[in-house]
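Below is the structure:
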């Protein structure tokens, strides 16, 4: 009778197959350069819903159209909510509430700010920074401040972090900074929970002497992502354990599972409770309450919110005595994300988490032999490591070869020891129990966090632990996923050799280096700074490493190194830093942590470097490189002492002049009359008025002029008069502010047109930049 009372979940539109078609339709929208308007998206949703009432082909087509229309609608509405382009750079007075935990950095504080309605030209949430703050920004506080707002904008490079997608997913409609001290209006009642989170984070920081352990606890328990340092994140990436530190669906699911097990045990110990309320209802309720509580204290980020929705749907299905298999649960979770957060498809975390669960279901279902728990866990880790390898390379251009084995220890330690102890310390803190008991629990939690770091420190330097590859093409990714499927088929099923062959396009990507005698140039988008990569057939030269900002943001780490990896540059043969300004030299340490070039030239060299001297020459693969400036007698004089590098193919020439001004330009024209009719010229000093004299521009007259400058930078680079001058004499003028990364190829016969402008040639509908 019990079995007869159970009801199956409805199939049809709720079946895994139909939900998969809706997902495919949504994915198709992510590949478009521009979304349809919202009225057209609404029309598509209505037509698709009507088609879903049919059967067979019409139902499949309906789900495809509904998925596409729904993502297009939500995406269009999100873009419409952004700060209007014409208002970008405007100064406005805003009133609102600090949301989440402010991130305190070296010389600034960054925080999300929920604007009151009708105050600014944009509504909703924005991200603000206060440079050199005179007072702390308190979580949950109400503020009045004068700010300068801009459209969300980030750099755009091959393999680089997509900040514009990040902002869209998190509902950040503008970014900006405070123009002066804010007026504190007192605590906002809606920020009470954030104040509790901030209070506990502060207690951890003050009570735990081990800073790394304290930062890990703050991150795991209350979601204080700003607590972790850059080197610690790098250690996590090298060991493949980043997923354990971010409060994600994994941790929320663990907390929900523990609560469900505890509630089930309570029901067994108290039989009368089970007579009044079914045990599965008790367990489902406990799972939802525990997961929601952890999600609230962790800050309800979008990954956590998605997990809460999934847990709630599965728990309610179980509580209502519906049969629901693991595959059906996964399908309902995908449907939940599509319904409530379709823009979550842009996040790597969505694909990694769902793909991991799907592969485990596929590989571990139907087993008949009982195995020890440790063996099942080891097998699951092996499956996850292999199955997620293609996606890891697609999203991050890297994979940790030792990560699977490190996670065998790290996953149960963090999930079953560190997180529960941290949450218990938080609960005792919230209940006001802060005596010996609280101290013991906090010390145990801190000790477990310290042991975790010791494990990672001991394994992060293992040779070959991290594997870097260029970002594969979409066909290579699909082939690799098919190959992984074949490799993970049950024993006795053929096709494993074919699976290895299908992995080859991923493991051995197409060589992106130019032919012998040719030179490829990539101006990396580093914002207000410069980094230029030049490659011959077998060698690579990097000129400048991008800026390091007062906030601590290092574009060598954030942009230059990821771009080198995405382009398949395994090692640098030479590094030239034009001069010592932070906008050219700021990322050098980060680059040198990854690469060890034999040739190191600098305009104002540290002790271990060689100073740039006019006349220095070398030849690689039929391409000649020469330093034209400064001469031996020239004093160290900042911008004017910049290294000036000329590269020559058989009939092509490229000039990279650093930040020289008009005085040096005139000297170079006198001493090097061959500097005329170049193929590519980098515009000196980001297009400032103090360089690019009319004589210089007219003499160089390049086919392609390149400007490296940040969008809407405070220096006003490049100056409009300078841009007009280059546009008059150059065949084409491009800048990283509009293009993102710019790539050009100089062959034996000169410039191979056209140059690639990343924002223009690989457009994304969520990108706020215009080429």
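Residue numbers (the numbering used here): 486 to 1256. Every residue, glycine too, gets a C-beta built ideally from N, C-alpha and C.
Three-way DSSP call (helix, strand, coil) for residue i in this model
| i | result |
| --- | --- |
| residue 853 | Unreliable positioning characterises residue 853 in this predicted model, as indicated by a pLDDT of 47, which lies under 50. The coordinate reading is nonetheless provided below. Coil. |
| residue 1231 | strand |
| residue 548 | helix |
| residue 1106 | coil |
| residue 1039 | strand |
| residue 713 | coil |
| residue 571 | helix |
| residue 576 | strand |
| residue 945 | coil |
Span separating the alpha-carbon of residue i from that of residue j
| i | j | result |
| --- | --- | --- |
| residue 749 | residue 784 | 28 Å |
| residue 951 | residue 886 | 6 Å |
| residue 1007 | residue 747 | 57 Å |
| residue 853 | residue 896 | Per-residue confidence for residue 853 stands at a pLDDT of 47, beneath the threshold of 50, marking its modelled position as unreliable; the derived number appears in the next sentence. Taking the straight line joining both Cα atoms gives about 26 Å. |
| residue 744 | residue 800 | 12 Å |
| residue 1196 | residue 637 | 11 Å |
| residue 924 | residue 680 | 22 Å |
| residue 937 | residue 947 | 16 Å |
| residue 715 | residue 968 | 35 Å |
| residue 875 | residue 1154 | 52 Å |
| residue 561 | residue 567 | 10 Å |
| residue 753 | residue 763 | 11 Å |
| residue 702 | residue 726 | 15 Å |
Contact set for residue i: own chain, Cβ-Cβ below 7 Å, skip 5 residues either direction
| i | result |
| --- | --- |
| residue 1089 | 1064, 1065, 1121 and 1126 |
| residue 870 | 888 and 889 |
| residue 537 | 498, 544, 547, 548 and 551 |
| residue 570 | 636 |
| residue 1057 | 1025, 1027, 1080 and 1082 |
| residue 909 | 926 |
| residue 530 | 551, 554, 555 and 558 |
| residue 911 | 685, 706 and 782 |
Status (buried if at least 16 other CB within 10 Å, exposed otherwise) for residue i
| i | result |
| --- | --- |
| residue 514 | buried |
| residue 868 | buried |
| residue 755 | exposed |
| residue 504 | buried |
| residue 660 | buried |
| residue 1249 | buried |
| residue 539 | exposed |
| residue 1252 | buried |
| residue 1014 | buried |
Residue from the options whose Cα sits closest to the Cα of residue i
| i | options | result |
| --- | --- | --- |
| residue 608 | 578, 1052 and 830 | 578 |
| residue 1173 | 1209, 1165 and 527 | 1209 |
| residue 1246 | 1234, 1226, 710 and 1005 | 1226 |
| residue 1129 | 1160, 1136, 718 and 713 | 1160 |
| residue 1220 | 1016, 918 and 569 | 1016 |
| residue 588 | 1182, 505 and 683 | 683 |
| residue 1102 | 1084, 1092, 1093 and 1094 | 1084 |
| residue 1229 | 1031, 1243 and 928 | 1243 |
| residue 509 | 522, 1146, 554 and 775 | 554 |
| residue 1234 | 618, 525 and 1164 | 1164 |
| residue 1061 | 909, 837, 660 and 1031 | 1031 |
| residue 557 | 590, 757 and 826 | 826 |
| residue 831 | 652, 572 and 1139 | 652 |
| residue 1194 | 1143, 770 and 1136 | 1143 |
| residue 1123 | 899, 1093, 1170 and 1053 | 1170 |
| residue 1053 | 1148, 1152 and 953 | 953 |
| residue 1055 | 1076, 1040 and 1038 | 1076 |
| residue 1137 | 974, 1110 and 959 | 1110 |
| residue 697 | 782, 1215, 718 and 1095 | 718 |
| residue 516 | 708, 663, 1096 and 828 | 828 |
| residue 879 | 991, 1117 and 817 | 991 |
Spatial neighbours of residue i in its chain, beta-carbon cut-off 8 Å, leaving aside the 5 residues before and after
| i | result |
| --- | --- |
| residue 602 | 608 |
| residue 604 | 577, 578, 579, 580 and 581 |
| residue 821 | 791, 794, 795 and 798 |
| residue 904 | 705, 706, 736, 739 and 740 |
| residue 1108 | 1002, 1003, 1004, 1021, 1132, 1133 and 1134 |
| residue 575 | 606, 633 and 634 |
| residue 486 | Here residue 486 scores only 37 on pLDDT, less than 50, and its place in the model should not be relied on; the value that follows carries that caveat. Cβ neighbours of residue 486 beyond the five flanking positions: none. |
Same chain, Cβ closer than 6 Å to residue i, five either side skipped, listed in chain order
| i | result |
| --- | --- |
| residue 688 | none |
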